[in-house]
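In full-length UniProt numbering, the protein residues as written are 1 to 367. Cβ coordinates follow ideal geometry from the N, Cα and C atoms, glycine included.
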């Protein structure tokens, strides 16, 4: 018995010694990897000329992560993160924004205002209908919905299938109608009713900090939708980021290549001057549809605009020649395609169009 106990104790002591060695080796490896990792980052940073480029390199390669706020890439989470995702990135400067706005205005025209004289609820629904479809189809579905159901109370009281039939062309009708009717019911339940009609007009007198959470509570409403409603419907200084804006911002190195639309929104909404947020957003969307160089995947949605004035700005570290003496004032652009569908690009693939019960990608999803 004593011999067995002694042998068992010896084996246990040997096992503990081996485990201790493994832990020691692992710690040495981790420490070594950390040192070498930092050396690689520092070595790479030395080759970068500007501080802003350094911030981009750190963000894209994973250095400096402890200094950054993690932001969910899920744009349907219903959260409008308030933190700055790229605190070390000082681009774009105000001058860069004015330069790009002026260059695109010279190319595409300006001094026109895009907007609709409509209710806040009209604007919210029109933006929701623009998700995962084209501008043209978005306009048609909104008009079809309003023609069949002139009031939002009628939309709320109608069978879902009847409402779906009016917006079928825009795709994902079942999911969109379910969410729209749920929002209308919530508005009524909260007592926001005017002359028997659901209404969100009370938001016109509410501060931005209260409008955002008030809208984000609704299923199907994400940061881009809220920003569009606030800018187009409430006249607030917001800078929505759709697929066109994100793609061009990445090419201009205003945000890291891996930035999500939420992260780009949180960064650019702080950096873009308030007085050109409206016009710059519209111009970037327009440019992304008709510039071969700046269209995502080179796929045009409109006739080509010719040579791209942004090419001199796209090379990292190059100071744009337009910046000197930039004092241009903001200009507005009108899009005759109807309700804002800034996130709408080419029609979604057939697989995305499937009306499956499990499909919840409609909410603020990249097209």
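Integer Cβ distance of residue i from residue j, believed to fall under 8 Å
i: residue 133; j: residue 191; result: Not confirmed; about 33 Å, so no contact.
i: residue 277; j: residue 231; result: 7 Å
i: residue 296; j: residue 247; result: 5 Å
i: residue 220; j: residue 179; result: 3 Å
i: residue 160; j: residue 188; result: The Cβ separation is near 16 Å, so there is no contact.
i: residue 249; j: residue 239; result: Contact flag wrong, Cβ pair sits at about 10 Å.
Among the options, nearest to residue i - alpha-carbon criterion
i: residue 124; options: 169, 279, 303 and 234; result: 234
i: residue 193; options: 219, 295, 220 and 152; result: 152
i: residue 237; options: 212, 90 and 251; result: 212
i: residue 104; options: 308, 314 and 312; result: 308
i: residue 251; options: 93, 293, 129 and 138; result: 293
i: residue 85; options: 271, 267 and 186; result: 267
i: residue 199; options: 210, 186 and 209; result: 186
i: residue 273; options: 87, 89 and 101; result: 101
i: residue 314; options: 96, 88, 89 and 224; result: 96
i: residue 368; options: 243, 205 and 298; result: This structure cannot settle anything about residue 368, because the visible part of the chain is limited to 1 through 367.
i: residue 225; options: 94, 129 and 275; result: 129
i: residue 94; options: 269, 299 and 300; result: 269
Cutoff 6 Å; reference residue i; Cβ partners in own chain excluding five residues on either side
i: residue 245; result: 284
i: residue 173; result: 164 and 167
i: residue 61; result: Residue placement at residue 61 cannot be trusted, given a pLDDT of 39 that sits under 50; the coordinates are not used to answer.
i: residue 287; result: 104 and 294
i: residue 310; result: none
Cβ-based neighbour list, residue i, same chain, cut-off 7 Å, excluding 5 preceding and 5 following
i: residue 122; result: none
i: residue 158; result: 149
i: residue 302; result: 289 and 290
i: residue 169; result: 137, 140 and 141
i: residue 210; result: none
Residue i vs residue j beta-carbon contact at 7 Å
i: residue 107; j: residue 279; result: no
i: residue 241; j: residue 207; result: no
i: residue 183; j: residue 141; result: no
i: residue 215; j: residue 120; result: no
i: residue 255; j: residue 127; result: no
i: residue 92; j: residue 271; result: yes
Same chain only: Cβ atoms within 8 Å of residue i, ignoring 5 sequence neighbours per side
i: residue 181; result: 155, 156, 160 and 163
i: residue 117; result: none
i: residue 196; result: 153
i: residue 298; result: 292
i: residue 281; result: 231, 239, 240, 245 and 342
Are three or more beta carbon pairs between the region 249–265 and the region 140–151 nearer than 8 Å? They do not touch, by the three-pair rule.
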